[in-house]
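Note sheet for the following structure.
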Amino acid sequence: MNKPQQAANRSDWGSLLDAYRTLPGVADELFDSEGRVRPVWQPFLRDLAGLDKEALDHALARGSQYLHDAGVFFRQYGPTDSTERDWPLSHLPMLIEAGEWQNIATALMQRADVLEAAMADFYGPNTLVADGVVPARLLASNPEWLRPMVGVQPRHGHYLHFIAFDIGRGPDGKWWVLGDRTQAPSGAGFALETRMATSRSFSTMISSAKVMRLAGFFRRFRDTLLDMRDNDGSRVAILTPGPLNDTYFEHSYIARYLGFMLVQGADLAVRENRLMVRTVSGLTPISVVWRRLDAEWTDPLELNESSRLGTPGMLGALRSGSFTMINSLGSGALEARALMAFMPGMSEHLTGQPLAMPNIATWWCGDAAERDYVKANMKRMTIDNAMSTRLPFDHGPDIVIGGRRTDGTPVDPAWIDEQGPLLAAQEVVSLSTAPALVNGKLEARPMSLRVFVARSGAGWVVMPGGFARIGNSAESADISMQRGGAVSDVWVVSDDAGPVDTLLESGSGGINKRTQDASLPSTAADNLFWMGRYVERADFKIRLLRAFHVRLAETGGEYPLATLLSDYLEMLDIDATDSIFSGILDDLHSALRSAGQVRDRFSTDAWNALVDLSRTTEMFAERVQPGDDASRAFSVMLRKIAGFAGLVHENMYRFTGWRFLGIGRAVERAGGMTSFLQLATDTDAPDGALDLAIEIGDSVMTHRRRYAAGMSRDTVIDLLLLDDMNPRSVLHQLMAIDEHASFLPITVEEVRMTPFQRKVLEIKTALTTAAPREITPGKLAELSNDTASLSGLLAETYLR
Amino acid sequence: MLYDITLRIEYAYDSLADAGRHILRLMPATLPDRQRVIASNLDVAPVPFERSFSFDFFDNRCISISYDEAVEETAFLMQARVDRSPLDALFDVSPDLKRLGVELESVHSVAAASPHHCRGLSRWVPPSHEIAAWARDVVAGCPTTLDAVSRINRTLHAEMAFDPEATEIDTPLEEAFRARHGVCQDFTHIAIAALRSIGVPAGYVSGFLRTIPPKGAARLEGADAMHAWVRAWCGLEMGWVEYDPTNDMMAGEDHVVVAVGRDYFDVAPVKGALRTAGSQETSQSVDMVAVTA
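Here it is in structure tokens:
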């Protein structure tokens, strides 16, 4: 800092610090031990104090708006259900001076080396056990020490590639490791989004403060993964447990950000010991998997037999060395709480060096001497399951704090003797406090950092940032997000932030390195297909309902045409007058569910449009009255659907997935129109049925212009069935499907044309060559059956 | 004693089972000084798309097979000729239970034969207060570990009824214990839970039992299908001792070992996720005949 040192007292920042109370015996990030604001915070605080209330509110709102627009959420689990919750942003960043950060990074890279060596030992020669550094019983009872992986060499020589550490600052001002996250740490994607949101709020400050950028970290890790592929066109995949996982948003976000394929266990198969992904062009090999799934669930054949998230045979493929797993299966063994008690000795034994950053003091109660110490000192300890992988502040139901259970009852020391090896105790930590913004003023809240460390070709790389967890009250050190804690961006403030850097302007690798040909997993194709169908189905129902309610308003609904409509709607499971929105909501929710499975393939705008459509419909369902009111509501919904379709049509890249979406829409529209035409052109149909068909087909103006002589069965058939220029005609749908299908991969057995394509061509040809009067009711029925068969044929060809 | 062993297992599925993958632990083990496999063979029908052989963590023989197409039924036929030695006379040199704990702490190993694998809970053997209390009473006053092991097995045999109809493969252990009935798998899991609760490492052995007894001896229970018994670690000097609680006897010349592990999970004869909508039916038969010269 070459600026002259300021007095840096509280009063220098107006009323901003009036409510900021540091606690005795607790370190603080903002104030040093002399009660002066640390230099790294001064410029930021000065700018912050310079904002009036309105400007500050605006700044915070910009950050929140960003997260909302980007659709950032995490899933929170209740006793009986789970809900999507907004990402709990604490707007104020946590600032760290670059020199101090460098020390943290160096210490954590050393710890990463110790953990890597521990993996190699636990799954190799086991000298730690043989030499008595780690008790044999402790390792043997660790559920994440996976026996089927013992003796297996990882394909690129390393077990760990992407890990995280939770660290906190103790009363003495030193940093302590609270937890090692070696299984499949989450949060790197959230860190990126948090950075985006915070930089929306404080854009001038972030550039003047020279905050170190994050993109370089991700680029290097991405390039490392790409370099680990086999040279045979095989891919990198991110393996997710699916949309019900608490951090699924992040999985899809990272997949999109890095350009990797997002797959679930059911998308994968093992053939001749190779891991393959089922795509619309058949099985294609995968040589690198970044898993976001705990090891236990990856292979029901050898691990948890009840897993529906995994792939039978995956372990065998891994043992044969045909792909690289990030991190190696079994890496979760290092997360067990009790192991922390042995980390100092492991470090000395494996590397000859003491740990550069100590971890929180831990005692394993399997040893008699340690157990006695815990019994004597449990007033200042927490006691929990020895194999718990929770962080020290994330208390499980069985936690004992200061000798008491959660219901307040004291524990009997005899219980500790009896449970022995099942327990581990840890010193109660007083985390340092950091500022949070509450009603325009700063308050001190407990804080911990999550730091991400990735392996690159040149060794470990530490993300210069990450995120901080901030507690929701100054009194409690509970900073768990599940219980109301918040998350803030971490600014590493340096003299030089490095070049402006995003993934888009990647330097070295060039275009070939970056893009992987986006082959489409079959389940993703299936979801896109159905999303197209559901949205179109809702559209069709809304048109029918609108037609009904317009007439209801005019006539009261008691005449043949209204009866025809309400009968037809009933066939579609919709009551035309009572709870009219519920059938449509079902379709929209199904569309959302399908879309939710493929969020990585889908723009945020399109997703938000779909969410908006569904929310609007829910709102209408609450208050809209039948008749005029309803028909207006339906018009609003149709406009919103058109908006969604526009976003998809105008903005989505023409990947194979877009083709499936388009096919779904066209198949549904063709089916709906054909079946309604059957009804409306029947000889028994009431007066006005033909007008109704034209109205449902959104072709009133066109019909008036094209057929001066007036309306007949032939003109309606011509316009809605056979006219390829009408975007709502059945022939138009078939032509669209045919075109989409020509872009789909031809599977090996079907050399010239798939059964699906053949059927499409058959229907299309029949329609192209037919004259309106040849379309008898029988012919229409046949056509209806043919279009109905398309869905099944498509599934057989591409979606197996 | 020389035996010819024949094992048949058949699965039939209501609906086509999609692309199955299995790990089979059906082949008799080779155990120095105890058990020698002279010849063995496994036929699988239909012929699998892939087939390979390996040893697992506990050195059990595993055959992995997979199908790339749906199958309606699968059949396994294992045939082997095995030479099984009689049990040497056993002198009880095991420590008392307190001393056993001290000896355990001196074992700094997690290799396959280490007793540490078989101490805590495992997938099929959750901790049970009921069984632990029972075991405490049963072994009260036992002078040695081996004595405690045989006392638990003997008492279990006396109290429990062998009943092939009473339990399913996934009946929880406490349920079988409370009703005091079950098959060899239940006897074995309950004995394991009891032994671990008093600090004796205990594991699961799968294998075959002589079908027709020697002249004058009673027919053994559990000989019609694959059998299961317990192994218990009785200190540094004696090591692992095998005991058959279903028949209240040491596992010896009438028992041929296939696989060992912590519990059924580690030794299941046919493992594999068959994704099928309908139900499946299994049949199993074992024949273990003494070959007379």
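So the protein sequences, as listed, match chains A and B. Letter by letter, the first sequence follows residues 286 to 1085 in the working numbering. Letter by letter, the second sequence follows residues 149 to 441 in the working numbering. Just so you know, even glycine gets a beta-carbon here, dropped at the ideal spot from N, CA and C.
Per the coordinates, the alpha-carbon of GLY474/A lies some 32 angstroms from the alpha-carbon of ARG950/A.
Using a Cβ distance threshold of 9 angstroms, THR691/A and ILE701/A do not count as a contacting pair. Around ASN644/A, the same chain offers TRP461, VAL462, MET625, MET628 as residues with beta carbons nearer than 7 angstroms, after the five sequence neighbours per side are excluded. Taking all protein chains in view, the Cβ of LYS459/A is surrounded by fewer than 16 other Cβ atoms within 10 Å, so the residue is classified as exposed.
Under DSSP, THR569/A shares a beta bridge with VAL562/A. A check of alpha carbon separations from ARG998/A across LEU614/A, GLN910/A, LEU1065/A, VAL521/A identifies LEU1065/A as the nearest. For MET490/A, the uninterrupted alpha helix (DSSP H) run begins and ends at 488-493, by DSSP. Taking a Cβ-Cβ threshold of 8 angstroms, the residues of chain B close to ALA425/A are VAL258, SER262, HIS264, HIS265, ARG267, GLY268, in chain order.
Residues of chain B with a Cβ closer than 9 angstroms to the Cβ of PRO1057/A do not exist; the shortest Cβ-Cβ separation is about 46 angstroms. Interface criterion not met: the Cβ of GLY606/A is under 9 angstroms from no Cβ in chain B. Per DSSP, the beta bridge partners of ASN189/B are GLN227/B. A residue is called buried when at least 16 other Cβ atoms come within 10 angstroms of its Cβ; ARG1043/A does not meet this threshold and is exposed. In the same chain as ALA759/A, and ignoring 5 residues on each side of it, the C-beta atoms closer than 8 angstroms to its own belong to ARG306, LEU308, THR718, GLU728, ALA729, ARG730, PRO731, in chain order. Here the alpha carbon of ALA425/A sits roughly 36 angstroms from the alpha carbon of TYR151/B.
Contact fails between the region 828-848 of chain A and the region 809-817 of chain A, because fewer than three Cβ pairs, one in each stretch, are under 8 angstroms apart. For PHE224/B, no Cβ of chain A is located within less than 9 angstroms of the residue's own Cβ. Within chain A, the residues LEU586, GLY598, GLY601 have their CB atoms less than 9 angstroms from the CB of SER212/B, given in chain order. With 16 or more other Cβ atoms inside 10 Å of its own Cβ, GLN333/B counts as buried. The region 590-605 of chain A and the region 386-396 of chain A do not touch, with fewer than 3 CB-CB distances between them shorter than 8 angstroms. SER920/A and ALA974/A have their C-alpha atoms spaced approximately 21 angstroms apart. Here the alpha carbons of ARG556/A and PHE506/A stand approximately 28 angstroms from one another. In the DSSP annotation of this structure, the continuous segment of the beta strand (DSSP E) that includes ALA407/B starts and ends at 403-409.
Residues of chain A whose Cβ lies closer than 8 angstroms to the Cβ of PHE205/B are, in chain order, ARG432, PRO433, VAL435. With distances taken between CA atoms, ILE981/A lies nearest to MET958/A out of TYR538/A, MET958/A, MET922/A. In the structure shown, ASP354/A adopts helical secondary structure according to DSSP, grouped into three states.
Residues of the region 230-258 of chain B with a C-beta atom less than 7 angstroms from some C-beta of chain A are VAL255, HIS256, SER257, VAL258, listed in chain order. Residue pairing of LEU235/B in beta bridges, as defined by DSSP: absent, with no partner found.
Listed along the chain, the chain A residues whose CB falls inside 7 angstroms of the CB of ARG169/B are LEU586, PRO597, GLY598. If you keep only unbroken beta strand (DSSP E) runs of at least 3 residues inside the region 721-773 of chain A, you get 726-741, 744-747, 752-755.
Its chain contains LYS338, LEU341 as the residues whose beta carbon lies nearer than 7 angstroms to that of GLY725/A, once the 5 sequence neighbours on both sides are disregarded; these appear in chain order. In this structure, LEU829/A sits near PHE961/A, with a CB-CB distance shorter than 9 angstroms. Residue contact with chain B for ASN411/A: present (Cβ-Cβ distance below 9 angstroms to some residue of chain B). With a threshold of 9 angstroms between beta carbons, VAL555/A makes contact with chain B. For a Cβ distance threshold of 8 angstroms, residue set HIS256 of chain B lies close to GLY417/A, ordered along the chain.
Of ALA918/A, GLY947/A, THR941/A, the smallest CA-CA separation from LEU932/A is found for GLY947/A.
At least one CB of chain B lies nearer than 9 angstroms to the CB of ARG422/A.
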